[in-house]
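Enquirer: Residue numbers (the working numbering), protein chains in the order written: chain A, -9 to 194; chain B, 3 to 223; chain C, 707 to 951. Ideal Cβ placement from N, Cα and C applies to all residues, glycine included. Computed from a predicted model, the values in this text were never measured in an experiment.
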Amino acid sequence: MNKDFLIKAQNLSFERSGRIIFSSLSLNLEEGQIIIIKGKNGSGKTSLLRCLAGFTPITSGKILWFDNEILPAFYSDKPLIAWLGHLDAIKGSLTVKDNLLFFAKMWSVEPSIFNECIKKLSFEKFMNFPASWLSAGEKRRLSLLRISFCPAKVWILDEPSTFLDNDNREILIDIMNIHLKNKGAILCATHDNLKVLNALEITL
Amino acid sequence: MKKFYRLILRDMHLVIKGSSDAGAALLFYLLAIIMFPLSSGTDTNLLTSIAGGAIWVAALFSSLLSLDRLFRSDFEDGSLEQLVLSGISLETIVLSKCFAHWLTNGLPIVILSPILAMIIGLDISYWWVLCSTLLLGTPSLTLIGATPAALSCAIGKGGVLTALIILPLMLPVLILGSGAITAEILGLGGSGHIYALAAILPLSLFVVPFLASKALRLGWE
Amino acid sequence: MQNIFNFLANPSRFRVFSEKSYPYALFMMIILISVGLWYSLFNSPPDYQQGETVRIMYVHVPAAWMAMMVYLSMTIMSLFALVWRHPLADILSKCSAPIGASFTLIALVTGSIWGKPTWGTWWVWDARLTSVFILFLIYMGHITLVRSFEDEYKGARAGAILTLIGAFNLPIIKFSVDWWNTLHQPASVIKLDGPTIHIDMMIPLILMALGFLFFYFSFLLINVQTELNNRKLKKLFIQNFSKNN
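#1: Sorted by chain position, which residues of the same chain lie with C-beta nearer than 8 Å to C:GLY865's C-beta, five sequence neighbours on each side aside?
#2: Do you know how far the Cα of A:SER133 is from the Cα of A:LYS109?
#3: Would you mind working out which of A:SER83, A:ILE53, A:ASN89 and A:SER98 sits nearest A:LEU135, comparing C-alpha positions?
#4: Between A:PRO150 and the ligand MG, is there a pair consisting of the residue's CB and a ligand heavy atom that are separated by less than 6 Å?
#5: For B:ASP45, count the other beta carbons within 10 Å of its own beta carbon; 16 or more makes it buried, fewer makes it exposed. Which is it?
#6: What does C:SER854 touch in chain B if you count any residue whose Cβ is under 7 Å from its own?
#7: Quick one: is C:GLU834 buried, meaning 16 or more other Cβ sit within 10 Å of its Cβ, or exposed?
#8: Based on DSSP bridge pairs, tell me the residues matched to A:PHE4.
#9: How many angstroms separate the CA atom of C:ILE871 from the CA atom of C:ARG937?
#10: Kindly list, in the order they appear in chain A, the residues whose Cβ is closer than 9 Å to that of B:HIS103.
#11: From the DSSP output, which residues share a beta bridge with A:THR193?
#12: Scan the stretch 7 to 19 of chain A for residues whose Cβ lies nearer than 8 Å to a Cβ of chain C and list them as they occur along the chain.
#13: Strictly below 8 Å CB to CB, what residues from chain A border B:GLU223?
#14: Which ranges would you report for the alpha helix (DSSP H) in the stretch 844 to 927 of chain C if only whole runs of at least 4 residues count?
#15: Of all the options B:GLY191, B:GLU223 and B:LEU203, which has the alpha carbon lying nearest to the alpha carbon of B:THR140?
#16: Measuring only between beta-carbons, confirm whether C:ARG937 sits less than 7 Å from chain A.
#17: Determine, using beta carbons only, whether A:GLN0 and A:LYS52 come nearer to each other than 7 Å.
#18: On the criterion of 16 or more Cβ atoms from any shown chain inside 10 Å, does C:THR902 qualify as buried, or is it exposed?
#19: Looking only at its own chain, which residues have a Cβ that is under 7 Å from the Cβ of B:ARG206, when we skip the five neighbours before and after it?
#20: Taking the alpha helix (DSSP H) that B:SER180 belongs to, which residues open and close that run?
#21: Have a look at A:MET(-9) and A:SER16 and give me their C-alpha separation to the nearest angstrom.
#22: In chain A, what lies closer than 8 Å to C:ASP857 by C-beta?
#23: Nearest by alpha-carbon distance to B:SER115: which of B:LEU173, B:TRP222, B:LEU62 and B:ASP23 is it?
#24: Do C:ALA787 and C:PHE924 count as a contact pair if the criterion is CB distance below 7 Å?
#25: With 16 as the cutoff for other CB atoms within 10 Å, does A:ASN188 come out buried or exposed?
#26: Whole angstroms is fine: what's the gap from B:LEU28's alpha carbon to C:LEU911's?
#27: Using 8 Å as the threshold, is the stretch 175 to 186 of chain B in touch with the stretch 91 to 99 of chain B, meaning 3 or more CB pairs across them?
#28: Check A:LYS52 in the structure and name its three-state DSSP category.
#29: Taking 7 Å as the CB-CB cut-off, is C:LYS941 touching chain A?
#30: Between the C-alpha atoms of C:MET734 and B:LEU171, what's the straight-line distance to the nearest angstrom?
#31: Ignore the nearest five residues each way along the sequence and tell me which others in C:ILE844's own chain have a CB closer than 7 Å to its CB.
#32: Take the Cβ of A:LYS115 as the centre, count every other Cβ of all protein chains shown within 10 Å, and call the residue buried at 16 or more, exposed below.
#33: Helix, strand or coil: how does DSSP classify C:THR816 here?
#34: Pull the bridge partners of B:THR140 from the DSSP assignment, please.
#35: Interface residues of chain A around C:ILE944 at Cβ under 9 Å?
#36: Could you check whether A:LEU194 and A:GLY44 sit closer than 7 Å to each other, using their CB atoms as the reference points?
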C-alpha cells in the first residue's frame, strides 16, 4: 500500500437536516491522477467536494489530507488545496488586476508565472477593467486563471466548465492536463464530458 | 502577520472603492445625535445631563448598522473560502475584519466625538472622558457584534434580527461608557467604569474569534 | 460520568429515558410546590418590616435563581455541543431557553409587584434589575435566533454559539449587588460565609426553589421529546416524499 495518497477518504457518509446525502464512500487521490465525480442533480457532488475541501464536516468516516486528519491548508503558509466552486470570489468594485494580484501576493506567486498564466488565458486586455464589467463566462475564466497560478497541489473543481464556450473548454482541459503533468491532482465534479488523461470516474 | 495586514489593506481598499457603507454609518452617527436636541427641546441643562448617554447611543446605533455586513460580502461571494484555503485561519480573518471595521467605524466615531459633544453641549472639560470611554468601548462593540454578524451569514438574511441579538449584548458596554461620563459630571469619578471597560476588551478579543469562526463554519454546513 | 453522557447521547435512548422519567419529575414538582406554597403562605413568619408582602419573596427569589440556573445549564450544554460535539446538547439548550425566559419574566414581574409597596416604585434602573432585564432580552434573542433558521439542526447550533456569548451577563447579575450600590438588597442566601436568613424563611424558599427546579426538569424533558419527535417526523416525511418520486 503506497502512502503517497494526497487525499484518502474512508467510508464517508454525509447527512444534512436528517437526510442522508451519501454514504459508504471511499476514494484515494494520487499524484498525477484526476478523479471525475459524476451524478444526477442533487446526488451530493457539491457536498462531497466541499467535505473533501474541508469546508463542511462529514457525518462519519475519515478523511486524511497529506496523511493529516486536520486539513493542513488551514495551518500552512502556502495553499495546498485550490477550490473552484459555484461562487467566483471576485470583488466587483476592484479591477481585475487588483483581484488577481491580491491572491498572487498572498500565495507568493512569481511575477513570471503570473504573467505567463495571464497570457495563456488571453486576459491582458481585461486587466484594468473593474471586475463587475465582466460577463459570467469571463468571470469563470478569471477564476480559472487564478487557479492556474495557484501553487496548490490538489485542485478541487465543482462544475468548472459552466459558462464556458467550446474554445475555452479546450483551454480548461489543457490547463488541467498541464497541472496533472506537473504532478498535481484534480478532483472534479462535472456533467460535461471532459477528455482528460488518466481520468478515474466515480458516480454518486 | 503579513497576511493579516494584507487582509486589512484589502478591506480598506474596498471601503475606498465604495463597495461598503462605512461612510453611511458615520453619517448616521451625526444624524442620530441631532435627533436628541430636536426631540427633547433646546433646554441646555437637560441636554448637558444626557449628553454622554446620547453620544454613546448614537455610536452604538452607528456600529449596529455597519456590523450586519461585516462578513456578509466575503461570505456570499466565496472569498471567505478562498482566504481560508490560502492558509489563513478563520480566527485571523475574524480579527482582521473586526480591526478593519473599527478603523472605518470606531476610530472615526472617537475622532468625531468632540464635534458631536459641541453639538449636544457637553462641557469641554469632559471631552477627555468621552474620548477615552469611546476609545476603549468601540473595539468591544465591534467584537461583540462580530459573532451575531457571523450568525446572520449562517441564516442568510440579517437586518432586524441581527440588531435584536446584538443590542442586549452591547448594553453593558453602553452602561459603563455613558456611566463613566455621567459619573464624572456628577463628580463621582468615572475611573471604575473605565477600568471595567478596559477589562471587557481583552476578554472579547479572546472569546469572540473562536465563537465567530464557529458561526461562519455553521454557515458553510 | 462519561458513561452517563454516552448513554444519553443516543436520541432514541434519550427519548425512552425522558418518557419514563418526566412523570416522576412532574410528580415531584407538584408535591414540592404544594408543600412549599403551604409553608410560604401559612407556615412562615411575616417580616417585621414588610408584613405579609414579604411572601412574594417565595416566588420571586426561586424564579430569579432558576432564571440564572437555566442560563448556566444552557451555557454548559452549549460548551458540550460546540467543543465536545455532544449530539443532544444543543437540543437541550434550545429547549431550555423558553423555560428560562419564563422564569426571568416571572422574576421581573413579581419583583416589580413586590417593589411597589416596599420601595414605592414599580421599577428602578439599578444594576441588579437592569442586568436581569438584559438576561431577559438575551433569552428572547436566543429564542428568535434559533427559530429563524429553516434547518433546525443549524438553528440549535447557532443558539449554542449565542448562549456562550451571552454568558458574560451571569456574573454581572450575581455580583451586581456587591459591585454597585443598588436599591435591590444584597445577597443573603448564597454567600461565602453561609446564609444569613432565618430558618423559618429558608424552608419555604428551598422548597419552592426545588419545586421550580423540577418544573424545569419536567418541562425540559417534554420540550426535548417534542423537538425530537418533530425532527423524526420531518425526516420520515422527506424519506416518504423522495420514495414516492
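Expert: Looking at the atomic coordinates:
#1: SER784, ASP796, SER799, LYS800, ALA803, HIS848, LEU851 and VAL852
#2: 15 Å
#3: A:ASN89
#4: Ligands in the displayed structure: none, and consequently the ligand MG is not present.
#5: exposed
#6: ILE157 and LEU163
#7: With the sequence shown as reference, residue 834 of chain C is identified as Arg, and Glu is not the correct amino acid for it. By the neighbour-count rule (16 or more Cβ atoms within 10 Å), C:ARG834 is buried.
#8: A:PHE12
#9: 27 Å
#10: The premise fails here: B:HIS103 is roughly 17 Å from chain A at the closest Cβ pair, so nothing lies under 9 Å.
#11: A:LYS28
#12: SER7, GLY8 and ARG9
#13: ARG6, THR46 and PRO47
#14: 858 to 872 and 875 to 885
#15: B:LEU203
#16: yes
#17: yes
#18: exposed
#19: The question names Arg, yet the displayed sequence has Ser at residue 206 of chain B. Hits under 7 Å: SER142, LEU145 and ILE146.
#20: 162 to 187
#21: Caution applies to A:MET(-9), whose pLDDT of 42 falls short of 50 and renders its modelled position unreliable; the value that the coordinates give is listed next. If you take the alpha carbons of A:MET(-9) and A:SER16, they lie about 15 Å apart.
#22: ARG6 and SER7
#23: B:LEU62
#24: The residue you asked about is not Phe; residue 924 of chain C is Ser in the sequence shown. In this structure, C:ALA787 does not lie closer than 7 Å to C:SER924 by Cβ.
#25: exposed
#26: 52 Å
#27: no
#28: strand
#29: yes
#30: 36 Å
#31: GLY872 and ASN875
#32: exposed
#33: helix
#34: For B:THR140, which the question treats as bridged, DSSP gives no partner whatsoever.
#35: SER7, GLY8 and ARG9
#36: no
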